Amino acid sequence: MLQSERAHQPLSEEELNMLETFLASTEAPEECMNSIEMIDGFLTAVVIGPEVVPEHRWIKYMLDPENQRENLFNSPEDESRITDLLNRHVNAIDAQFESEPEGFLPIYEMFSYSEEEERQIAIEEWALGFILGMELSHEAWQPLFADESTAMLAGPLFVLGKVTDDYDNMSQEEKDQMIDMLDESIIGIYAFWQQQAEEEKGV
Numbered sequence: 196m197l198q199s200e201r202a203h204q205p206l207s208e209e210e211l212n213m214l215e216t217f218l219a220s221t222e223a224p225e226e227c228m229n230s231i232e233m234i235d236g237f238l239t240a241v242v243i244g245p246e247v248v249p250e251h252r253w254i255k256y257m258l259d260p261e262n263q264r265e266n267l268f269n270s271p272e273d274e275s276r277i278t279d280l281l282n283r284h285v286n287a288i289d290a291q292f293e294s295e296p297e298g299f300l301p302i303y304e305m306f307s308y309s310e311e312e313e314r315q316i317a318i319e320e321w322a323l324g325f326i327l328g329m330e331l332s333h334e335a336w337q338p339l340f341a342d343e344s345t346a347m348l349a350g351p352l353f354v355l356g357k358v359t360d361d362y363d364n365m366s367q368e369e370k371d372q373m374i375d376m377l378d379e380s381i382i383g384i385y386a387f388w389q390q391q392a393e394e395e396k397g398v
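For the sequence shown, the numbering used here gives the first residue as 196, with consecutive numbering after it.
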């Protein structure tokens, strides 16, 4: 397989496990995002958001949010291996939205979990990851929140990420409804930024 072709190949389950194992190990910075669900949410926000975020910036924010390390990796080999996996995952998310945004699925919908509580944690981490992705470009995301109708698109993220107190006061049926809304919310956020970009080009 050519290197250019490999760069657009989605990560296999083995490679996703390899990435998550690194993030949960002592080799990674202690404060890094350490679940594949959180990383998938974070990178989805980076991909569909309003500005192009340089690779070094989102990798730094993901691995060392407290800015405590001079070097993110302990060796050039680790850096090459992990950045390759992350870039391939970003490319796969981008390719999905470029080709068929309506077919987008958060990564937790592609996995099976042995217990419902484990799945709920995975959804919470995905939503939190997306919120962190918005925070990375905080000012640029503000137009989404300027109008109540578009701000509502982010509602499921804040509820399921437990940023608000709403989650604890919901029935299980209401929580399930919120989870069902999440995919459409993400697709709606993507469409919002696409429309904004088209309007800017037309000016």
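Don't be surprised by glycine CBs; every beta carbon is placed ideally from N, CA and C.
Computed from a prediction, not measured in an experiment: that's the story for all the values here.
Under the three-state DSSP convention, the category residue i falls into
i	result
Pro338	helix
Lys396	helix
Met376	helix
Asp363	helix
Asn229	coil
Val241	helix
Thr221	coil
Other residues of its chain near residue i: CB distance less than 8 Å, five sequence neighbours each side excluded
i	result
Ser199	For Ser199, the predicted structure reports a pLDDT of 43, less than 50, and the residue's modelled location is therefore unreliable. A value from the coordinates is still provided. Contacts found: none.
Val248	Val241, Leu331 and Ser332
Ala341	none
Glu274	Leu267 and Phe268
Nearest-angstrom Cβ-Cβ length linking residue i and residue j, presumed shorter than 8 Å
i	j	result
Phe299	Ile382	6 Å
Beta-carbon proximity list for residue i, same chain, < 6 Å, skipping 5 on both sides
i	result
Ile231	Leu211 and Glu215
Arg314	Tyr308
Tyr256	Leu331
His251	none
Sub-8 Å separation of residue i and residue j beta-carbons
i	j	result
Leu206	Ala287	yes
Met213	Trp321	no
Glu293	Asp259	no
Gly236	Pro301	yes
Tyr385	Pro296	yes
Thr359	Phe353	yes
Ile254	Leu218	no
Cβ of residue i within 8 Å of any chain E Cβ
i	result
Glu261	In summary, chain E is missing from the structure at hand, where a single protein chain is found.
Residue i CB to nearest heavy atom of the ligand SAM below 7 Å
i	result
Leu258	With respect to the ligand SAM, the structure offers nothing, as it holds no ligand at all.
Residues of its chain near residue i, where Cβ-Cβ distance is below 7 Å and the 5 sequence neighbours each way are ignored
i	result
Trp336	Gly244, Pro245 and Met329
His284	Leu206 and Leu238
Glu319	Leu355, Gly356 and Lys357
Residue i burial status per 10 Å Cβ neighbour count (16 or more: buried)
i	result
Asp371	exposed
Met365	exposed
Ser380	buried
Pro338	exposed
Pro224	buried
Asn437	As shown, the chain starts at 196 and ends at 398. That puts residue 437 outside it, with no answer to give.
Ala317	buried
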